[in-house]
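Have a look at the structure below, then the notes.
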Amino acid sequence: MNEKGFKAERLSGETKSELVELARLCRGDILKMTTLAGCGHPGGSMSSLEAFLLLWSLADVAPGRIHDPARDRIVVSHGHTSPGVYSVLGRLGFVNVDEAVAHFRQAGSLFEGHVERTVPGVEWSSGNLGQGLSAGCGFALSSRLLAEDFNVFVVMGDGEQQKGQVVEAERFAAKYNLANLVAIVDRNYLQISGDTRKVMPMDVAAQYRAAGWHVIEIDDGNDFDKLYEALREAVCCDEGPAVIIARTVMSKGVAFMENTEKWHGAALPEEDLTRALEILGVENDLEKYKKMRAAFVPGTHVEPHLPAIKVRTGKPHTYGVDEKTDNRGAFGNALRDLAEVNKDGRGARMAVFDCDLASSVRTTWFAEVEPQSFIQSGITEHHTATMAGAVSTQGILTFWADFGVFGTDEAFNQHRLNDINHTNLKVVVTHCGTNVGEDGKTHQCIDYLGNFRSLFGFHVIVPADPNETDRAVRWAAAHEGNFLIAMGRTKMLPVTGEDGAPFFADGYEFEYGKAAFVREGTDVSIVAMGPMLPRAIEVREILAQKGIRAAVVNMSSPAVPDRDVLRKAAGAKVVATYEDHNVRTGLGAVVAEFLAEEGLAVRFVRFGVTRYADSGKPDEVLRRLGIDPEAVAQAIEAKLKDAK
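Each number in the working numbering comes from the position in the sequence shown (counting from 1) with 123 added on.
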């Protein structure tokens, strides 16, 4: 191209001619790849095509700079328009266009059905509609945190404007004056079920104006001149975020397909493809691509890029045997310490996100040290989960702290998409299990392990006391990947060893996936996690009065059980798991799977939450559930008698 960026008042004739020709070829690519695959979304790909071409042609991006920290970021929220994205990236040299056409939606191919971050030029894997603007907010915020001057462009469909997360992102962008954020809404007025005005009426422009955005409306988003002028106005706007609402035509360029919702998600049959390519004046070389597809050999995909982060973890803090505190307080102290040792360019750039719970999750202490890196999002869990995930991919040590039910259950789909994007997010959730008893069943998060075990890239840590919490937080900060650190609410004394000294202190180093015998015993092994570990020790003491020797195992990394420790634990007459999590999907399920896989013949019993619990003090709630220490000890004693 002759021009780069949006400085010129209008497109030159030469640039426009090049774009028009590229659009013609890309429309052919879109139709060929979807017909070849027998599925896909040609309609929206063709209506958004002019936006894609202008952005990847003129924004500050290039095939040789896909990891340049100063590059512009382009997010495609309606990820089903992947045929349009792949064709543009292919024609502009980011990928091989023939491979994109031939192997679209082919198992093992780079070119999947929705845009993926493994494709050069794609910043965010998307397709769960409504999340792209949140990711864009994360990238735009990152430019400020990193002191890098780049623009962020987010292209969206109009149907996804119906989602509440989009509104959450709109408000956030306006609050933080993200002037480097430009959104484009492809307003073709069609979604799967038909006309958007009938499916779910909405005034998109009014929605953004109400949130405080600069709104630009154009009557033809498939016109390069009009779209360019709107983009230039948006980029030059320094009064907060800008949105372009562009009226487009679904399946633009092929008359018999235009303005028909059928082609939102259906490929042309071959006979119709022939007719469409004739209209476009594009060669019908489908047979060439059929041969390529038949000869396809899957390759090895490179994992999405994560910039290296040099984290200074500081010195672990030890809480004394008489120092009663809560795990959330230990997290807050560790987070503040991380802020102190990493600030002023001495270590990692940090960001901590909060959803109106800072005083409860103890992130206020971080805010006192690094106020510019403390981001208050209000009660917008869906948006914040996605936004924080996007920030974590930019070389920023990123934490998000929330209550368990909000940070895990409510935002699960967002975390799933983060996991697919290989983010580097540290999620810390407090008030988990029945430890938040008084708040009642709506706030007792009893399914976090079951949920997050199903996410292939998340690490789950359930620390037992403040000392283990301190060390686990520092470990997660220093290690790449997504982490969920779950804890209760109430204060406790540190767990001690047989010698009466803090167990998770001097000489103890947290390592993900490692379990430990806190007490030795041969009759029964009690495997516990989190706030149930001290209660497991209570169970041991009750059993000891009856001459029963119980071992107590701390399994603080329950998603990846320590197989060596569990094999030793299985040498007892009975193995028991003890948790305040859903007994069907938590620690008991993990240990049961292990015993079955190992073929270990041992009597096994699970103690956990079997129903939505009552509102009351934690000990009262456990008693009502029949899993207080006295009841557990009695049940174990009965199990041992059966074993004889």
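Yeah, the Cβ is synthetic: ideal placement off N, Cα and C, and Gly gets one too. Treat the numbers as computed from the prediction; the structure is a model and nothing was measured.
Query, Result
"Across which residues does DSSP place residue 531 in a beta bridge pair?", "According to DSSP, residue 531 bridges with nothing at all."
"Is the region 482 to 489 touching the region 563 to 580 in the sense that three or more CB pairs, one from each, lie closer than 8 Å?", "no"
"Excluding the 5 residues preceding and the 5 following residue 470 in the sequence, name in chain order all residues of the same chain whose CB lies nearer than 7 Å to its CB.", "433, 434, 435, 464"
"Expressed to the nearest angstrom, what Euclidean distance is found between the alpha-carbon atoms of residue 180 and residue 140?", "13 Å"
"How big is the Cα-Cα spacing for residue 559 and residue 665?", "25 Å"
"For the region 674 to 683 against the region 646 to 662, do three or more pairs of beta-carbon atoms, one drawn from each stretch, fall closer than 8 Å, so that the two count as touching?", "yes"
"Got a sec? Which residues, its chain only, sit under 6 Å from residue 126 by beta carbon, not counting five neighbours each side?", "A caution first: residue 126 carries a pLDDT of 39, below 50, which makes its placement in the model unreliable, though a value can still be read off. Once the five neighbours on either side are set aside, the close Cβ partners of residue 126 are 138."
"Using a Cβ-Cβ cutoff of less than 6 Å, which residues in the same chain neighbour residue 737 once the five nearest sequence positions on both sides are dropped?", "744, 747"
"Just to confirm, are residue 475 and residue 496 a CB contact at a threshold of 8 Å?", "yes"
"On the CB-based measure, 16 or more other CB atoms within 10 Å of its CB, does residue 155 come out buried or exposed?", "buried"
"Taking the alpha helix (DSSP H) that residue 321 falls in, what are its first and last residues?", "319 to 322"
"Extract the residue ranges of the beta strand (DSSP E) inside the region 595 to 648, only unbroken runs of 3 or more that lie entirely within it.", "605 to 609, 639 to 642"
"Give the single residue among 649, 623, 621, 608 whose Cα lies nearest to the Cα of residue 635.", "608"
"Determine whether the beta carbon atoms of residue 361 and residue 274 lie at a separation below 8 Å.", "no"
"Counting only runs that start and end within the region 505 to 531, where is the beta strand (DSSP E) found for 3 or more residues in a row?", "520 to 526"
"What does DSSP give as the partner residues of residue 196 in its beta bridges?", "275"
"CA-CA distance, residue 611 and residue 553?", "5 Å"
"Rounded to whole angstroms, what is the Cα-Cα separation between residue 577 and residue 284?", "29 Å"
"Apart from the five residues on each side of it in sequence, which residues of its chain come closer than 8 Å, Cβ to Cβ, to residue 800?", "No statement about residue 800 is possible, as the shown extent of the chain runs from 124 to 767 and does not include it."
"For residue 124, count neighbouring Cβ atoms within 10 angstroms of its own Cβ and tell me buried if that reaches 16, exposed if not.", "In this prediction, residue 124 scores a pLDDT of 27, lower than 50, which makes its location untrustworthy; the coordinate-derived value is nonetheless stated afterwards. Exposed, because fewer than 16 other Cβ atoms sit within 10 Å of the Cβ of residue 124."
"As a quick exercise: from 151, 149, 204, 175, pick the residue whose alpha carbon is nearest that of residue 86.", "This structure does not reach residue 86, given that the chain is present from 124 up to 767, and the question cannot be answered."
"In whole angstroms, what is the alpha-carbon distance linking residue 343 and residue 537?", "33 Å"
"Cβ atoms of residue 759 and residue 89: under 8 Å apart, would you say?", "The structure shown does not extend to residue 89, since the chain is modelled only from 124 through 767, so no value can be given for it."
"Let me make sure I understand the geometry here. Which of 600, 305, 312, 400 has the alpha-carbon closest to that of residue 355?", "305"
"In the DSSP assignment, the beta strand (DSSP E) including residue 549 goes from what residue to what residue?", "548 to 553"
"Is the distance from the Cβ of residue 731 to the Cβ of residue 702 below 8 Å?", "yes"
"Does DSSP put residue 251 in a helix, in a strand, or in coil?", "coil"
"Roughly how many angstroms lie between the CA atoms of residue 400 and residue 144, to the nearest whole one?", "14 Å"
"Between which residues of its own chain and residue 445 is the CB-CB distance below 8 Å, once the five residues before and five after are set aside?", "616"
"I believe residue 455 touches residue 416 by the beta-carbon criterion, under 8 Å. Please report the beta-carbon distance rounded to the nearest angstrom.", "No, residue 455 and residue 416 are not in contact; Cβ-Cβ is about 55 Å, not under 8 Å."
"Report the option in 254, 371, 213, 130 whose CA atom is closest to the CA atom of residue 539.", "254"
"Give me the Cα-Cα distance between residue 620 and residue 641, rounded to the nearest whole angstrom.", "6 Å"
"Over what stretch of residues does the alpha helix (DSSP H) that includes residue 678 continue unbroken?", "It is not in any alpha helix (DSSP H) - residue 678 carries neither H nor E in the DSSP assignment."
"Quick one: give me the first and last residue of the alpha helix (DSSP H) that residue 415 is part of.", "409 to 417"
"Report the partner residues of residue 568 according to the DSSP bridge assignment.", "555"
"Please name the residue in 199, 555, 245 whose C-alpha comes closest to that of residue 217.", "245"
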